[in-house]
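Everything on this sheet refers to the single structure shown next.
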Amino acid sequence: MNAPKDALLLDVKNLRVDLPTERGLLHAVRGIDFQVRRGEMLCLVGESGCGKSMTSLALMGLLPRKAQRSADHIRFDGVDLQGLPEREMNALRGARMAMIFQEPMTSLNPSYTLGDQLCEALRAHRPSTSAQARERAVYLLERAGVPQAADRLRQYPHQLSGGLRQRVMIAMALMCGPDLIIADEPTTALDVTIQAQILRLIRELQREFGTAVVFITHDLGVVARIADRVAVMYAGEIVETAPVAELFAQPSHPYTRGLLSCIPVRGKTLPGSRLQSIPGVVPSLIGAVSGCAFANRCPEVRDACVQTPPRVELNSHHVVRCVAARPSHMYSEAA
Amino acid sequence: MLTYIVRRLLVGLSVMLTVAVVSFMLLHLSGDLATAIAGPESTAADVEKVRVQYGLDRPITLQFADWLGAALQLDFGRSFYFQNTVMELIGERLPVTLKLGGVALLLAVVVAIPLGVLAAIYRDSWVDRLSLLVAVVGQAMPNFWFALTLILVFSVGLKWLPVAGNTSWQHFVLPAIALGYYAMPSLMRLTRAGMLDVLGSDYIRTARAKGLSPARVVFKHALRNAIIPVMALAAVELGFMLGGSVVIESVYSMQGLGQLAWDSISRNDYPVVQAVVLIIAVFYIGLTFVADVLNAALDPRMRTR
Amino acid sequence: MSSTHLIMSAPLPLPPIPAWRRGLRRSLGHRGLVLGSVILGLIALAALFAPWLAPHDPYAQEVTQRMIPPAWYAKGSWEHLLGTDKLGRDYLSRLLYGARVSLFIGLATALISGLIGTTMGVLAGYYGGRVDAVVSYIITTRLALPVVLVALATAALVGGSLKVVIVLLGLLLWDRFAIVTRSATQQLRDAEFIAAAKALGASTPYILLRELLPNLMSALTVVATLEMAHAILLEATLSFLGLGVQPPTPSWGLMVAEGKAYMFFQPWVIVIPGVVLAVLVLGINLVGDGLRDVTAPDGRN
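Those protein sequences? They're chains A, B and C, same order as listed.
Be aware that the first sequence starts at 77, since it is given in the working numbering, and climbs by one per residue.
Be aware that the second sequence starts at 102, since it is given in the working numbering, and climbs by one per residue.
Be aware that the third sequence starts at -7, since it is given in the working numbering, and climbs by one per residue.
Right under this line is the structure:
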């Protein structure tokens, strides 16, 4: 890779995803902007239903047939993905953009060996002999922490535990040495003890191979652990984007502040005290949506919130969508 | 898995026995066989002679026991009409019927599976609707009529294919179509349903995310998992075809097992009729057994290891 | 908390639409169901009003008028719209009366086999255990019998006729009724309303008839339509082979058989009854499939 370290790998502007449903058009993603630099780990964090999975599928071009995607541009290494014919998009998928899914138990084909599924990921894009493919598969499995990697090639998915399967999925994503990996909540379905291992693994591999990662999660704890930059999503919009330390130190959107205050902090939250939560529910995104979607739950709501919230740049890398945007100091120490 | 196979095998055997009993009873109790054999012009004395000659005056259980005992040694007695033993007749005719059934099933499968796959991939498109239409119309046509119409169009009208006989491969084309078309709709629908199911699963999403070509996703990953129930159904349909070959073989004069059965029924040649019913039932039971094992192999709980 | 109110106001909840109205709306929207019902309705009407619609007596033989082709052929005449058969009988009239035969056989057979199959299935599903084992075994045995052969063999011995066909098919075609009602009963057996009825001291026959059966109705109707079509096709096959309805009664299958000898020169003799058979069975199947789609739980499609 000769591209400069800070080069923009992924540049998304005004991405929208709409899904026709029985009750009307669901606006799952409502005009989001974000960027990912080479080798960077961007965490996309939000509660379920906020549109983060739809975003990942939209990037990969794997949305369901009925879904409608639009954007000003979705630039991957300078090329707008929207204009690409399907065959070229398919050539990108797996080779330069890979994806890891949430459910390791069902994400592998039960009828084929792991070796078969790993090798086909490589051979679909790079002409190689089966021996070469197997060699790379074993190498990556070992790097992913799968014991007895060579034997695993002959095994079937049902013979492995969830944690091991997810390691296989990670190895599979790396087979072609992609520039970008999109990980859609890869640890959510795993045991807590395994979660930490997988997180550490992803972080290590990302640094070692220089792969950019869009890591989707609902867990701020995960964000704190591995993110370089964070984008907070709510009801189909990105409400705040910032480097991780700054987000935790100076959350500037009421929703972000609300999220952070929900996390019990050792030393601050008294044992036995009530955990905080954000009152209210996410509004329906079916049909016309106007104004700020967080307004009905926001502690700082005001008249101006009936209008689309403005994009406020607090500094060169911290962007908030809120009328009341102001940096605040949640914690005296950095997170 | 093994216990399941053994259990199904035992059930199958006892069903075979029951079928033998039922068909035997049906034939012997639904009318007076002696009168039927003796013929419409016979006198009472003639009928009595026939009754004694064929042992029809003995208690029915005894008759059945004798017949079963012989049948287990593949001795089904001698035909009333032909000189040969029933076994010889069956031996002559069975290959024709099996060949016909095999080709019919092959044709049905070759049409049904691609159609079902296309209907699933292009769901709700014109391909989907067309295949559904073909399925629905196909199951409405009576098979004897379809057989005759095929003759009208292809043998008489276009003169492409022969009408009767079983000597060359051309003789099998029309009968195979007439026999197989009825199975096509259900096979297609099952393929479509299975594919729709599989195409929505997570591992297909993974395969697509890997950038595999659409053809590879469909044929390598999806079809492999959707096809087993279809194969099981195909086995069952073959069983139905063997039973339904009566009409088709008669229309096309195929001289197979079905036609033998029909001719024997018309001639009251009941040893043959009994034997054919049992043989076809045995095939059907065997085929459904294969189908059950196939379906059970799919169930992850049955997988060894 | 600011007192200003904003956001989208949620729409007021609408009063629920009664179930039967929803069912009707769904039925009317289902094209197959509508088409099938129209076809079935037309044929039923034709059968019902056959004596008034038929231009001639279907049994009247006119030797001078043999084998006249339908009106659109050169030698045809408008007096016999669809021509005549080998005995000079008007084809259209025989076709109309044949509809009566087919529909009657279909309904009667479905009724008989429905009674047998439902009884077996409900008993097996409700009591389980030994009863279920016996019934399941009977079903498996019945499935292993080649229906056409057995029907033919029995009809040959007993002699073919309308009554024989109905009884025979009724005694043979109950398997799907039994299978469907058995599994449906098994699912409903542990439902709350059954438990409630039992708690109120209701007798078993009452529970089965008044509580269980109404809930099986939708599945039963679907199976009944399919078996009706099955019976009609089987009767046609039997009659075609000479062991079903006997001449001179007009049965569509019989008409094809009678025309077989002449089919090379007068193809309409076999084409027309076959087409009408196919259309009738198509209509019934469309109705059955449509009913199944409409009564299936939402989210299946």
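Glycine included, each C-beta is placed from N, C-alpha and C at the ideal position.
- Taking residue 392(A) as reference, the option from 310(A), 94(A), 305(A) and 300(A) with the minimal CA-CA separation is 305(A).
- Judged by their CB atoms, residue 311(B) and residue 334(A) are not nearer to each other than the 8 Å cut-off.
- Cβ neighbours of residue 100(C) within its own chain (closer than 8 Å, five residues either side excluded): 158 and 162.
- At least 8 Å separates the beta-carbon of residue 242(C) from that of residue 119(C).
- Between the stretch 169 to 189 of chain B and the stretch 316 to 323 of chain B there are fewer than three C-beta pairs closer than 8 Å, too few to call the two in contact.
- Of the residues 343(B), 266(B), 236(B) and 237(B), the one whose Cα lies closest to the Cα of residue 204(B) is 343(B).
- If you check the CB distance, residue 398(B) and residue 149(C) do not come in under 8 Å.
- Taking 9 Å as the Cβ-Cβ cut-off, the stretch 254 to 269 of chain C approaches chain B at 255, 256, 259, 262, 263, 265, 266, 267 and 269, given in chain order.
- Straight through space, the alpha carbons of residue 197(A) and residue 347(B) are spaced by roughly 52 Å.
- Take the alpha-carbon of residue 195(A) and the one of residue 190(B): they are about 56 Å apart.
- For residue 89(A), the three-state secondary structure derived from DSSP is strand.
- Interface flag for residue 147(A) against chain B is unset, since no Cβ pair is found closer than 8 Å.
- Residue 119(A) sits in a strand when the DSSP states are folded into three classes.
- With contacts defined by Cβ atoms closer than 8 Å, residue 170(C) and residue 112(C) form a contacting pair.
- Against chain C, a Cβ distance below 7 Å from residue 366(B) picks out 144, 145 and 148.
- Against chain C, the CB of residue 385(B) has a partner CB under 8 Å away; the residue lies at that interface.
- Under the DSSP definition of a beta bridge, residue 110(A) partners with 88(A).
- In the three-state DSSP reduction, residue 354(A) falls in the coil class, being neither helix nor strand.
- Inside the stretch 117 to 192 of chain C, DSSP marks whole alpha helix (DSSP H) runs of 4 or more residues at positions 121 to 136, 139 to 150, 154 to 164, 167 to 181 and 184 to 191, from first to last along the chain.
- Burial check for residue 328(A): the Cβ neighbour count within 10 Å reaches 16 or more, so the residue is buried.
- Counting the other CB atoms within 10 Å of its CB gives residue 265(C) a total of 16 or more, which places it among the buried residues.
- Residues of the stretch 174 to 188 of chain B with a C-beta less than 7 Å from any C-beta of chain C: none at all.
- Exposure of residue 126(B) is indicated by the presence of fewer than 16 other C-beta atoms within 10 angstroms of its C-beta.
- Against chain C, the CB of residue 360(B) has no partner CB under 8 Å away; the residue lies outside that interface.
- Distances from the alpha-carbon of residue 287(B) to those of 326(B), 336(B), 325(B) and 268(B) put 336(B) closest.
- If you draw a 10 Å sphere on the C-beta of residue 155(C), you find fewer than 16 other C-beta atoms in it, and that means exposed.
- Within the stretch 289 to 309 of chain B, contact with chain A at the beta-carbon level (separation under 9 Å) is assigned to 302, 303, 304, 305, 306, 307, 308 and 309.
- Counting only Cβ-Cβ distances below 8 Å, residue 240(B) has contacts in chain C at 273 and 277, in chain order.
- Between the alpha carbons of residue 254(C) and residue 146(B) lies a gap of roughly 42 Å.
- For residue 169(A), the nearest beta carbon of chain B is closer than 8 Å to its own beta carbon.
- The continuous stretches of alpha helix (DSSP H) do not include residue 146(A), which lies in the beta strand (DSSP E) extending over residues 144 to 146.
- DSSP, read as helix, strand or coil, puts residue 115(B) in helix.
- Neighbours of residue 287(B) in chain C, taken as residues whose beta carbon is under 9 Å from its own, are absent, since the nearest beta carbon is some 12 Å off.
- Residue 312(A) carries a coil assignment under DSSP once its states are collapsed to helix, strand and coil.
- Listed by position along chain C, the residues whose Cβ is nearer than 7 Å to that of residue 168(B) form an empty set, because the closest Cβ is around 15 Å away.
- Interface flag for residue 226(B) against chain C is unset, since no Cβ pair is found closer than 8 Å.
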